[in-house]
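Structure, as structure tokens:
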Ligand code: HEM
Ligand code: HEM
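Residue numbers (the numbering used here): 397 to 572.
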């Protein structure tokens, strides 16, 4: 029962990547010494496009491997809310990745990891676009944090309180 191994691996790799991206993103915009800030920016900008790639590959995989049904013991409304939160998680993860990429490239800043791979910026410099992308990245980050909070609380509720099999649909990362 539950998700297949590939879907689970995609889920948990995304969790690890996002668990790095969010704290690094928050710390690097604080008033910290440049010796701390610079490597965090390079890490965040460098890892970001790969997070986006993982999320897009995961969605592609999902087209052929739809989500398994939740146990019948979960009320219909809760099932709807769960699916809605999953769609919103995908939406804001993509918006976060795209707005980050747009913000950096139209701002004229380098993405060192892509440079090293010989991938040139896809967008020209634009002060107006970079400002909008910066706003979107900040607002989308808040939405993502709230959604992840709801999602993790629900997962913990099912795993610890209800013990109804919902948690083991996604855990462990390899299907038994
Ligand atoms: C899904 C992936 C990503 C997550 C979860 C994420 C998360 C965050 C968070 C939480 C912040 C601090 C919030 C704020 O700006 O107020 C931030 C800031 C930032 N992120 Fe990301 N980010 C992601 C992808 C990217 C990508 C792909 C890039 C660029 C290649 C990027 C570049 C930046 C920059 C430059 C900032 C500093 C804020 C600014 O001045 O615009 N991020 N990110
Ligand atoms: C960065 C944090 C996370 C993100 C972005 C995320 C995203 C998602 C998404 C999009 C799905 C739906 C999969 C699909 O139908 O395609 C999902 C399912 C699931 N996630 Fe997460 N997740 C995160 C963290 C966690 C954590 C920390 C746990 C456990 C404590 C967890 C447990 C589960 C479970 C049990 C499911 C299957 C539930 C169901 O199908 O209704 N997730 N997650």
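Backbone N, C-alpha and C fix where the C-beta goes; we use that ideal spot for every residue, glycine too.
Values in this document were obtained by computation on a predicted structure and should not be read as measured data.
Euclidean distance between Cα positions of residue 521 and residue 530
Distance between the alpha carbons of residue 521 and residue 530: 14 Å.
Give the single residue among 524, 439, 551 and 568 whose Cα lies nearest to the Cα of residue 466.
Of 524, 439, 551 and 568, the residue nearest in Cα terms is 551.
Mind checking residue 507: buried by the 16 CB within 10 Å criterion, or exposed?
So residue 507 ends up on the buried side.
Count the other C-beta atoms from every protein chain shown that fall within 10 angstroms of the C-beta of residue 493, then say buried if there are 16 or more, exposed otherwise.
In summary, residue 493 is buried, with 16 or more beta-carbon neighbours lying within 10 Å of its beta-carbon over all protein chains present.
Is the Cβ-Cβ distance between residue 519 and residue 542 less than 8 Å?
No, the Cβ-Cβ distance between residue 519 and residue 542 is not below 8 Å.
Does the beta-carbon of residue 566, which I'm using as the reference point, lie nearer than 7 Å to any heavy atom of ligand 2?
Flag set: Cβ of residue 566 near ligand 2.
If residue 423 sits next to residue 413, beta carbons under 8 Å apart, how far is it from one beta carbon to the other, in whole angstroms?
By a beta-carbon distance limit of 8 Å, residue 423 does not contact residue 413. Their separation comes to about 16 Å.
Hey, would you say the C-beta of residue 553 is under 7 Å away from at least one heavy atom of ligand 2?
No, the Cβ of residue 553 stays beyond 7 Å of every heavy atom of ligand 2.
What do you reckon, is the C-beta of residue 453 under 7 Å from a heavy atom of ligand 2?
Not under cutoff, so the answer is no.
Measuring straight from C-alpha to C-alpha, what distance separates residue 397 and residue 554?
Cα-Cα distance, rounded: 15 Å.
Looking at ligand 2, does it come within less than 7 Å of residue 533, judged from the CB to the closest heavy atom?
The answer is no for residue 533.
Check this for me: beta carbons of residue 400 and residue 571, under 8 Å apart or not?
Yes, Cβ-Cβ distance for residue 400 and residue 571 is below 8 Å.
Would you say residue 422 touches ligand 2, meaning its beta carbon is less than 7 Å from a heavy atom?
At a cut-off of 7 Å, the beta-carbon of residue 422 does not count as near ligand 2: no heavy atom of the ligand is closer than that.
Label residue 496 either buried or exposed according to how many other C-beta atoms from any shown protein chain fall within 10 Å of its C-beta, with 16 as the threshold for buried.
Of the other Cβ atoms in all chains shown, 16 or more fall within 10 Å of the Cβ of residue 496; this residue is therefore buried.
State yes or no: is the C-beta of residue 566 within less than 8 Å of the C-beta of residue 407?
A Cβ-Cβ contact shorter than 8 Å links residue 566 with residue 407.
Tell me the rounded alpha-carbon separation between residue 388 and residue 429.
The requested residue 388 does not occur in the structure, where the chain is confined to residues 397 to 572.
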